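Accompanying notes for the structure given below.
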Amino acid sequence: MNVSDRLEQRLASVRLSVLRELSQPATGLGIDLYLIGGSVRDVLADAPLTDIDIMASGSAERLVESIRGRGDVNVRKASAFGTWSLTIQGVDVDLATARRETYERPGALPTVIPGTVEDDLARRDFSINAMAISLGESSWGTLLDPHDGVTDLSRGVIRVLHDRSFEDDATRILRAIRYACRLDFRLESCTATLLERSLPYVHTISPDRVRHEIERIFQEPRAGDMIEMAGKLGVLAAIHPRLQAEQKTLRDLQTETGDNARRAHLLLGSMVQSVADGDMESVVERLNLNSDWARLVRDVAAVRGRLYELEDENVARSRVYRMLHGHDLRAVESCALAAAHPKVAKWLRLYLDELRHVRPLLDGDDLMALGVREGPEVGLLLTKLLDARLDGLVESVKDEEAMVRRALRT
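The sequence shown maps to residues 122 to 531 in this note's numbering.
Written out as structure tokens, the structure is:
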């Protein structure tokens, strides 16, 4: 099957030029080149093509060295698995040597040796990612599909290539969910059964690798659906028994656009809403969270532990401020999104939108000019001024000055 017409329709002229620029020297070196994996899937599915992944049946390093000196080629890095990151004519390209992988034990990183194109396709996660398109001058556009990925693509199914796939690498469980939701596909029946049976193997995956897969989910437009699906399939509980998909928050975040970092923090915050305070540190450890994310998780616990105080309609605004001030704002927002009690949600939103921005009109210099001695008393009076301003007891500079003078007289 030849898909050269589809390839040329789907790729912009500059990307086609890049493929041909690599193909010509590869032919001279006796190296066969293939467009591979997700790039092929997206070409055949008429999906947006974001990555250019190329496999060399032969030494990718030899090809890289042959083009390294060209003005339009920038070699950025090489990985331990023989993958090179290049920029050619301004286009990012990943170039890898065809390889064969074996797993010494479940969850271990694979042992890699050079292989054939067939070996490389056989190591892939799912059939829809196990296709290649030849970029050779005499075979340009020829599709290699030994695992019937085209059929699965047309049927809209995610299918693993062998029964031990999820056991060998349980991160594929999270990737199956990510692809299913992104492409609006379903898990093939045997694959769904294998996924369920393989959930215990999630614990063989290192914290960093689990977190990396979750971070990739957070960057997806349908991240909420992915987390919800992971919850329903028991995957979140397999990662940590207390993680849950907080559906109200996920629905609210599904249409969020713009700040991906904020959205990712809110998604993580939604996942830990049901984690008991005493279990938060084990979540931090299981995902090896960095200091920023760890603070978010801990502050969700701290804020959540006092939310009952906000069920009172008449709670003082200054009390709300003192309760929430200093906590990670994304933790506060996560609790607001998840809040079942409307009064609690209202107070949290008021803090985020208004109260946290309130400041006294007078500053420390103003207080000392009024006769307050330099030292701790300045800070104490500024705190009292802020509380009074939050509670509507002072509205102007004159009001604040009068309050300071009263304090000096007592």
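Every residue, glycine too, gets a C-beta built ideally from N, C-alpha and C.
Keep in mind that this is a model prediction, so the values were computed, not measured.
Problem set entry | the segment 444-462 in contact with the segment 402-421 per 3-pair CB rule at 8 Å | Contact holds: three or more Cβ-Cβ distances are below 8 Å.
Exercise. Relative to the alpha-carbon of Ala460, which residue among Val436, Arg425, Leu445, Arg438 has its alpha-carbon at the smallest distance?
Worked result: Cα-wise, what sits closest to Ala460 is Arg425.
For this session: Please state whether DSSP places Phe339 in a helix, a strand or coil.
Result: Looking at Phe339 - three-state DSSP - the assignment turns out to be helix.
For this session: Evaluate the contact criterion for the segment 288-297 versus the segment 253-267: three or more CB pairs, one atom per stretch, below 8 Å.
Result: No: fewer than three Cβ pairs fall under 8 Å.
Problem set entry | Nearest residue (CA-CA) to Asp486, options Gln130, Glu495, Asp512 | Shortest Cα-Cα distance from Asp486 to any of Gln130, Glu495, Asp512 involves Glu495.
For this session: For my contact list, Asn195 and Leu207 are in at a C-beta cut-off of 8 Å; report their separation, rounded to the angstrom.
Result: Contact between Asn195 and Leu207 is confirmed by a C-beta separation of about 7 Å, below the 8 Å threshold.
Exercise. Would Val164 pass as a contact of Arg131 if the rule is Cβ separation under 7 Å?
Worked result: The beta carbons of Val164 and Arg131 sit closer together than 7 Å.
Exercise. Quick one, are the C-beta atoms of Leu507 and Pro481 less than 7 Å apart?
Worked result: Result yes, Cβ atoms of Leu507 and Pro481 sit closer than 7 Å.
Exercise. Taking the alpha-carbon positions, what's the Asp373 to Leu354 distance?
Worked result: Leu354 has its alpha-carbon roughly 21 Å from the corresponding atom of Asp373.
Exercise. Taking the Cβ atom as the reference point for each residue, do Gly277 and Phe247 lie within a distance shorter than 7 Å?
Worked result: By the CB criterion at 7 Å, Gly277 and Phe247 fall outside the cutoff.
Exercise. With distances taken between CB atoms, is the gap from Ala253 to Ile157 smaller than 7 Å?
Worked result: In this structure, Ile157 lies closer than 7 Å to Ala253 by Cβ.
Exercise. Applying the criterion that 16 or more other CB atoms from any shown protein chain within 10 Å of the CB defines a buried residue, is Ser259 buried or exposed?
Worked result: If you draw a 10 Å sphere on the C-beta of Ser259, you find fewer than 16 other C-beta atoms in it, and that means exposed.
Exercise. In angstroms, rounded to a whole number, what distance separates the CA positions of Gly236 and Leu242?
Worked result: Distance between the alpha carbons of Gly236 and Leu242: 10 Å.
Problem set entry | Whole alpha helix (DSSP H) elements within the segment 267-317, 4-residue minimum | With a minimum length of 4 residues, the continuous alpha helix (DSSP H) runs that stay inside the segment 267-317 are 270-276, 286-289, 292-304.
For this session: Could you pull the start and end residues of the alpha helix (DSSP H) that Pro497 belongs to?
Result: Where Pro497 is concerned, the enclosing alpha helix (DSSP H) stretches over 497-511.
Exercise. Taking DSSP as the reference, what is the three-state secondary structure of Met122?
Worked result: Three-state DSSP puts Met122 in coil, outside helix and strand.
Exercise. Just curious, the beta strand (DSSP E) that Thr218 is in, first and last residue?
Worked result: Thr218 -> beta strand (DSSP E) spans 212-218.
Problem set entry | Sequence-distant residues of the same chain with beta carbon closer than 6 Å to Met122, five excluded per side | Contacts found: Leu264.
Exercise. What residues match up with Lys198 in a beta bridge as DSSP calls it?
Worked result: Partner(s): Ser206.
Exercise. Which of helix, strand or coil does DSSP assign to Glu222?
Worked result: Residue state, collapsed to three classes: strand.
Exercise. Could you give the distance in angstroms between the alpha-carbon of Leu488 and the alpha-carbon of Ala528?
Worked result: When rounded, the distance between both Cα atoms is 11 Å.
For this session: Would you kindly work out how many angstroms separate the C-alpha atoms of Val323 and Met350, rounded to a whole number?
Result: Using only the alpha carbons, I get a separation of about 16 Å.
Problem set entry | 7 Å CB neighbourhood of Ser197 in its chain, flanking five on each side removed | A small fix is needed here, since residue 197 is Arg in this sequence, not Ser. These residues qualify, in order along the chain: Ser206, Leu207, Thr208.
Exercise. What distance in whole Å lies between the Cβ atoms of Gly262 and Val124, which are believed to be in contact at a cut-off of 8 Å?
Worked result: That pair is a contact at about 5 Å.
For this session: Report, in whole angstroms, the separation of the C-beta atoms of Ser180 and Gly257, which I expect to be a contact under 8 Å.
Result: Contact check for Ser180 and Gly257: beta-carbon distance about 16 Å, past the 8 Å limit, so the pair fails to qualify.
Exercise. Does the distance from the C-beta atom of Leu364 to that of Met392 stay below 7 Å?
Worked result: A contact, by the Cβ cut-off of 7 Å.
For this session: State the start and end residues of the unbroken beta strand (DSSP E) segment that holds Ala459.
Result: From DSSP, Ala459 is part of no beta strand (DSSP E) but of the alpha helix (DSSP H) over 450-459.
Exercise. Which partner residues of Pro362 appear in the DSSP bridge assignment?
Worked result: By DSSP's assignment, Pro362 forms no beta bridge with any residue.
For this session: Answer with buried or exposed for Thr171, where buried requires no fewer than 16 other C-beta atoms within 10 angstroms of its C-beta.
Result: Exposed, by the Cβ-count rule.
For this session: Check whether the Cβ atoms of Ile249 and Gly270 sit closer than 7 Å, and answer yes or no.
Result: Cβ distance < 7 Å, so Ile249 and Gly270 count as in contact.
Problem set entry | Asp193 versus Ser187: straight-line alpha-carbon distance, rounded | Cα-Cα distance, rounded: 13 Å.
Problem set entry | the segment 497-511 touching the segment 434-447, judged by at least three CB pairs closer than 8 Å | Yes, the segment 497-511 is in contact with the segment 434-447.
Problem set entry | Sequence-distant residues of its chain with Cβ nearer than 8 Å to Pro463 (five each side left out) | Counting only Cβ-Cβ distances below 8 Å, and skipping sequence neighbours, we find nothing.
Exercise. Which value, in whole angstroms, describes the spacing of the CA atoms of Thr370 and Glu288?
Worked result: If you take the alpha carbons of Thr370 and Glu288, they lie about 32 Å apart.
Exercise. Just how far apart, CA to CA, sit Leu473 and Ser327?
Worked result: Those two C-alpha atoms are separated by around 36 Å.
For this session: May I ask which residues mark the beginning and end of the beta strand (DSSP E) holding Tyr155?
Result: 153-157 is the span of the beta strand (DSSP E), which, as asked, contains Tyr155.
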